[in-house]
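Chains as they are written, first to last, in the numbering used here: chain C, 14 to 391; chain V, 115 to 887. Ideal Cβ placement from N, Cα and C applies to all residues, glycine included. Treat the numbers as computed from the prediction; the structure is a model and nothing was measured.
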Amino acid sequence: MTKAVIAGYARSPFTLARKGALARVRPDDFAAAVVRDLIARSGVKPEDIEDLIVGCAFPEAEQGFNVARLIGQIAELPETVAGMTINRFCGSSMHAVHIAAGQIAMGAGDVFVCAGVESMSRVPMTGFNPMPNPKLYEKNPGAYISMGDTAENVAQRWQVSREDQEAFAVRSHRLATEARDQGRLADEIVAIPANGASVSEDGCIRPDTTAESLSELKPAFLEGGTVTAGTSSPLTDGAAAVLVCSEDYAERAGLTPLARVVSASVTGCDPTVMGIGPVAATRKVLARSGLDIKDMDVVELNEAFASQALACVRELGIREETLNLDGGAIALGHPLGASGARILGKAASLLNREGGRYALATQCIGGGQGIATIMERM
Amino acid sequence: MAGIDKVAVIGAGVMGAGIAAHVANAGVKVLLLDIVPEGAENRNALAEGAVARMKKADPAPFMSPRAAKLVETGNLEDDLDKLAEADWIIEAVVERTDIKQALYAKIDAVRRPETAVSSNTSTIPLATLVEGQSEAFARAFMITHFFNPPRYMRLMELVTGPSTDTDIAGRVADFADRRLGKSVIAAKDSPGFIANRLGVTWIQLAVGQAFEQELTVEEADAVIGRPFGIPKTGVFGLLDLVGLDLMPHVGASLAAALPEGDAFHTSRRELPLIEKMIADGYTGRKGKGGFYRLNREGGGRQKEAIDLSTGRYGPARRPRLAELEGVRNPRQVFDDTGRIGRYAFAVMGGTLAYAARLVGEASDDIAAIDEAMRLGYNWKWGPFELIDRIGGAYLAKRLEEAGEPVPEILETLGERTFYRVEDGRRQVLQPDGSYADIVRAEGVLLLADIKLASEPLIRNGSAAAWDIGDGIVCFEFTSQQNALDEEVVSLLASTIKLVKRNHKALVVYNEGSNFSVGANLGLALFAANIAAWGEIERLVALGQKTYSALKYAPFPVVSAPSGMALGGGCEILLHSDAVQAHAESYIGLVECGVGIVPGWGGCKEMLARWQEPGALPGGPMPAPSKVFETVSMATVAKSAEEAKGLKFLRADDGITMNRDRLLADAKARALELVDGYRPPEPHTYQLPGPSGRLAMEMAAAGFARRGIATPHDLVVAGELANVLAGGDCDLLDEVGEDAILELERESFMRLVRTSATLDRFESVLETGKPVRN
Chain C
14 MTKAVIAGYA
24 RSPFTLARKG
34 ALARVRPDDF
44 AAAVVRDLIA
54 RSGVKPEDIE
64 DLIVGCAFPE
74 AEQGFNVARL
84 IGQIAELPET
94 VAGMTINRFC
104 GSSMHAVHIA
114 AGQIAMGAGD
124 VFVCAGVESM
134 SRVPMTGFNP
144 MPNPKLYEKN
154 PGAYISMGDT
164 AENVAQRWQV
174 SREDQEAFAV
184 RSHRLATEAR
194 DQGRLADEIV
204 AIPANGASVS
214 EDGCIRPDTT
224 AESLSELKPA
234 FLEGGTVTAG
244 TSSPLTDGAA
254 AVLVCSEDYA
264 ERAGLTPLAR
274 VVSASVTGCD
284 PTVMGIGPVA
294 ATRKVLARSG
304 LDIKDMDVVE
314 LNEAFASQAL
324 ACVRELGIRE
334 ETLNLDGGAI
344 ALGHPLGASG
354 ARILGKAASL
364 LNREGGRYAL
374 ATQCIGGGQG
384 IATIMERM
Chain V
115 MAGIDKVAVI
125 GAGVMGAGIA
135 AHVANAGVKV
145 LLLDIVPEGA
155 ENRNALAEGA
165 VARMKKADPA
175 PFMSPRAAKL
185 VETGNLEDDL
195 DKLAEADWII
205 EAVVERTDIK
215 QALYAKIDAV
225 RRPETAVSSN
235 TSTIPLATLV
245 EGQSEAFARA
255 FMITHFFNPP
265 RYMRLMELVT
275 GPSTDTDIAG
285 RVADFADRRL
295 GKSVIAAKDS
305 PGFIANRLGV
315 TWIQLAVGQA
325 FEQELTVEEA
335 DAVIGRPFGI
345 PKTGVFGLLD
355 LVGLDLMPHV
365 GASLAAALPE
375 GDAFHTSRRE
385 LPLIEKMIAD
395 GYTGRKGKGG
405 FYRLNREGGG
415 RQKEAIDLST
425 GRYGPARRPR
435 LAELEGVRNP
445 RQVFDDTGRI
455 GRYAFAVMGG
465 TLAYAARLVG
475 EASDDIAAID
485 EAMRLGYNWK
495 WGPFELIDRI
505 GGAYLAKRLE
515 EAGEPVPEIL
525 ETLGERTFYR
535 VEDGRRQVLQ
545 PDGSYADIVR
555 AEGVLLLADI
565 KLASEPLIRN
575 GSAAAWDIGD
585 GIVCFEFTSQ
595 QNALDEEVVS
605 LLASTIKLVK
615 RNHKALVVYN
625 EGSNFSVGAN
635 LGLALFAANI
645 AAWGEIERLV
655 ALGQKTYSAL
665 KYAPFPVVSA
675 PSGMALGGGC
685 EILLHSDAVQ
695 AHAESYIGLV
705 ECGVGIVPGW
715 GGCKEMLARW
725 QEPGALPGGP
735 MPAPSKVFET
745 VSMATVAKSA
755 EEAKGLKFLR
765 ADDGITMNRD
775 RLLADAKARA
785 LELVDGYRPP
795 EPHTYQLPGP
805 SGRLAMEMAA
815 AGFARRGIAT
825 PHDLVVAGEL
835 ANVLAGGDCD
845 LLDEVGEDAI
855 LELERESFMR
865 LVRTSATLDR
875 FESVLETGKP
885 VRN
């Protein structure tokens, strides 16, 4: 069976929603810039691309109209490149890779661009017209539970203290700051034209974050709770993309793949503790690939909240020295639809940079799901 | 003559920065400069810091974020040349003659010949300031004395010198009046001008006498507060507000400037306790506390007052003074022969006598002195209006008895009053003993003047309608605090009929400190307590019907608020064709705070405004969500400009900066609308129904989990969500205005029957604030 490989990764800078440098840039525009740059730097022939698959959690307004097709046109891809927008909330663009890998496996294409985009400045989380189903809500109020509430639930049920959450957030900011200062993020970032300027720096990282400064914040979601704005990923604007192709194609075209996709999984869980989703998804993908968590040399676990990230780390026994080596979403930001492509592309490039054999990328998903991918170094 | 399109303010201290902010509030570009701090990395640090602080300050110096963007910051070394762009340069630097004079020489070198220059000095005479300056500078120079905070205090004293060019001064005065909204009071070039000279004397008397007559600070504030129409902060509360440390400076500089024998000197006392308080950092609200403080020890909030004899704080007590009970005229307080009467007379008798001595010295215009104290110190009555209430002859007699000299103007006055009404015109005594009409500036129209000269077209106990000329009728609330009750509503209905028959347009306006604080909760609580539910529902329906009649009347309706326009008061604005708002209008639908929903069409009108094309993204949810956010939080706009952002006002509604020009502007707006007027078309709504209600309820529940919303807040929010979602409608339905009015009425009635809502009514009536239940 033909294996899919990750043959390139790029992303926009991640900047704070509403206040950041991308707030006034259309998401289809900055996503197109990322897609175009990824194609240029990977050396793939645009006409070979089968499909552009774009994940987006709130695909409406400027992210509406099957935004994938439009991003393809803005990026001036050949007309023959198709476009599909998919939504699995935070897992959207990771799942785009799963779809591509599946297509490749069934011989339905050789080259796919798998991207994700979210402007949380320009399309609010919930969308413009949230209209929950009253009957479902009556039966299962958790169906629409807000993310902050799930973070509190996880903190309570898995006994993650506020101090631990804050230490985790400090770690995330420290690692991200070091990575940025040592130029380890520059390679993956595509400069975005923003109203006359060029934006090439991440905007969410706070190098001065300390346990003390975090301890002064008020609980953000629950009176007397433990989760604060400082231990949550910020609302973020950004896009990310990975090039997925068949191993054969990569060889034929002379590309330099970063990693091979070994296995993938998705799973549902209780929506009220959605943050624990990576646990079941990871167990499933490990079983599927016959590997153990100890085999993972690189782990990218999306930090939606420190509470859920820590609960997953503890449940799965993830070793700290493998985890989010350049910082995670608490520091870098979490543009919902884009995060999956970022952590998957990041894990693949870390495998190359750090050495080691296997990498795990996994995320929790609002509404109660988990998603996971295992990759192997080429 | 050229106007003023750009202003420069030099000195980014509290006054300079505040003046700059207020110029920006007028929509005028302003350059704010200060010195380069020694060793500073950022050479504009002082001006930038001031702007940054003001953006966060409360009460806000800026009326809108847009205004803040009009302030350009800089420093006196790099940006002096930019003064050439300014049409008016305001100096507000430290009160030192040498520094000011040196600065003027620099300004003079770069300014354009027609550029006005003024100082905001409160103590240095104009004659001193222009010494050694060029003739051309003296021609352009004047004193413009603003009061703190410059946005909110309506007084500006204007002092011109013998060389000041009248055109240049006129341009500044006109700008200050129309654009900055100030009442410009011409003062002579005498120390302290008008308001501060009298105000500081009053403060010194009040403080010194409290020590001498051994009154507590609470007693002193109670005696000279309400009975004399002075804000209830009295004098000690006022000092806490402005800062205790300010007074010694102002007092000393006035003492140095005023001639020997001036009664100001006799008001001064050495007060070791106050010196110690200042030295220890007890400088008032900005410091560790003042004469009053909030003791937060143990997590509580205990208001404490200082004991003037021991210097120790104890719980503040509301004094129960028999001497003040049933006082209708301040003279009754003077008549008391005990310590309260003695104190009152020593302070207020002394102050009023001193005011009388200022006639001729600080100003020849008695009405101007009164206005200066009303607007500069927020007195309800100026000193001469107070003397009229007390009796000029009585005051003269009391002064004589006390062995005090009787001021000349009181002798001139004799048995008469300073003000009188002659043939419907208000007149004021002149220094020569004659009376002259009080002449309003062009474009100033006051209902108070109209009321002196005419009878209302119709009136009842809570409202009146006046003919204000040119076919325009003015509808005025006259109830306590302009609260809305059945009488107001029914007279409004009658007025609509009357205007339809005989007039061209209607203006809703009054001269109270607040346009209206909303419906009369006392009456609603009374009706609820006797379970007169039918009565309550009838009144809700009557209000809806009348406000709709206002909206669809065959003539234009312009409302002109100033101060608070809340609840039912806000709903009047929402049903008007246009609003001409005073810049200091505080507008909001606050019903949810007291446990009800807007019931007189407020929900309906706000929904319509937010559903206008282009206001929000499409679909059924954005408008209800937006209105829900604003109304469930009982949001009140903190300026007319802010009210536009919240859509309590329309984008094309007018804003008048000067309170005294509001009625004339509103009338002009109404006249503009008369030709070809057609009433608006009813709005139809596309609303989300139960799904939308759930989305809004879920948002409110999030607030409850964070401890921001209370259990009853959730009940109220649920009812509001139901109204805004259109009840059980389907999103394909076209919902009409009547259906939303019915939802408003139903929700209102369900809520008013809950004990939690009635508890809120009760606590608002008792304490001014709703209980958090």
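- Interface residue (Cβ-Cβ distance to chain C less than 8 angstroms): Pro345 (chain V) is not classified as such.
- With contacts defined as CB atoms closer than 8 angstroms, Gly104 (chain C) and Val279 (chain C) qualify as a contacting pair.
- The C-beta distance from Val231 (chain V) to Ile203 (chain V) rounds to 5 angstroms, short enough to meet the 8 angstroms contact threshold.
- Residue-level contact by beta carbon fails for Pro291 (chain C) and chain V, as no gap is shorter than 8 angstroms.
- Taking 4 residues as the shortest admissible run, the segment 727-811 of chain V contains the following complete alpha helix (DSSP H) segments, listed from N- to C-terminal end: 736-746, 754-759 and 776-788.
- Neighbours of Leu808 (chain V) across chain C, judged by C-beta separation under 7 angstroms: Pro145, Pro147 and Tyr150.
- Straight-line measurement puts the Cα of Lys417 (chain V) at about 29 angstroms from the Cα of Arg265 (chain V).
- At a cut-off of 8 angstroms between C-beta atoms, Tyr157 (chain C) counts as an interface residue with respect to chain V.
- Under the three-state reduction of DSSP output, Leu828 (chain V) falls in the helix class.
- Chain C has a Cβ within less than 8 angstroms of the Cβ of Gly733 (chain V).
- Assignment of beta strand (DSSP E) within the segment 409-455 of chain V, counting only whole runs of 3 or more residues, yields 416-420 and 427-429 in chain order.
- In this structure, V:Asp852 is the residue among V:Asp421, V:Val708 and V:Asp852 with its C-alpha nearest to the C-alpha of Glu719 (chain V).
- Secondary structure within the segment 79-108 of chain C: the beta strand (DSSP E) runs of 3 or more consecutive residues, fully enclosed, are 95-99 (chain order).
- Going by DSSP, Asp873 (chain V) is part of the alpha helix (DSSP H) stretching over Ser869 to Thr881.
- Taking the Cα positions, Trp647 (chain V) is about 37 angstroms away from Asn142 (chain C).
- Listed in chain order, the alpha helix (DSSP H) runs fully inside the segment 491-574 of chain V are 497-504, 506-515, 522-527 and 561-567, counting runs of at least 4 residues.
- Annotated three-state conformation of Tyr396 (chain V) is coil, per DSSP.
- Annotation: Cβ neighbours of Gly816 (chain V) in chain C (cutoff 9 angstroms, chain order): Ser159, Gly161, Asp162 and Phe234.
- Ala182 (chain V) sits close to Ala138 (chain V), with the two beta carbons spaced by under 8 angstroms.
- Bridge partners of Asp250 (chain C) according to DSSP: C:Thr28 and C:Ser132.
- Secondary structure within the segment 305-335 of chain V: the alpha helix (DSSP H) runs of 4 or more consecutive residues, fully enclosed, are 309-326 (chain order).
- DSSP, read as helix, strand or coil, puts Lys16 (chain C) in coil.
- Annotated as distal: Ser805 (chain V) and Asn836 (chain V), with beta-carbon spacing of 8 angstroms or more.
- For Gln323 (chain V), the closest alpha carbon among the candidates V:Gly455, V:Trp495, V:Gly850 and V:Ala126 is that of V:Gly455.
- Pro804 (chain V) has a beta carbon lying within less than 8 angstroms of a beta carbon in chain C.
- When V:Glu556, V:Val535 and V:Gly557 are compared, the shortest CA-CA separation from Leu566 (chain V) is found for V:Val535.
- The beta carbon of Val520 (chain V) lies closer than 7 angstroms to those of Ala510, Leu513 and Glu514 in the same chain, with the five residues before and after it left out.
- In this structure, the straight-line span from the alpha carbon of Leu243 (chain V) to that of Ser134 (chain C) is close to 54 angstroms.
- For His363 (chain V), the enclosing alpha helix (DSSP H) stretches over residues Leu360 to Ala371.
- For Pro429 (chain V), the closest of V:Leu438, V:Asn443, V:Gly816 and V:Phe405 by C-alpha to C-alpha distance is V:Phe405.
- Just so you know, the alpha carbons of Ala748 (chain V) and Gly243 (chain C) end up roughly 29 angstroms apart.
- Nearest in C-alpha terms to Trp714 (chain V), of all of V:Ala241, V:Gly683 and V:Pro884, is V:Gly683.
- The beta-carbon of Asn166 (chain C) is placed no less than 8 angstroms from the nearest beta-carbon of chain V.
- The C-beta of Ala242 (chain C) comes no closer than 8 angstroms to any C-beta of chain V.
- Think of a sphere of 9 angstroms around the beta carbon of Gly821 (chain V): the chain C residues whose beta carbon falls inside it are Pro232, Leu235, Glu236 and Gly237, in chain order.
- Under the 10 Å beta carbon count, Gln195 (chain C) is surrounded by fewer than 16 other beta carbons and is classified as exposed.
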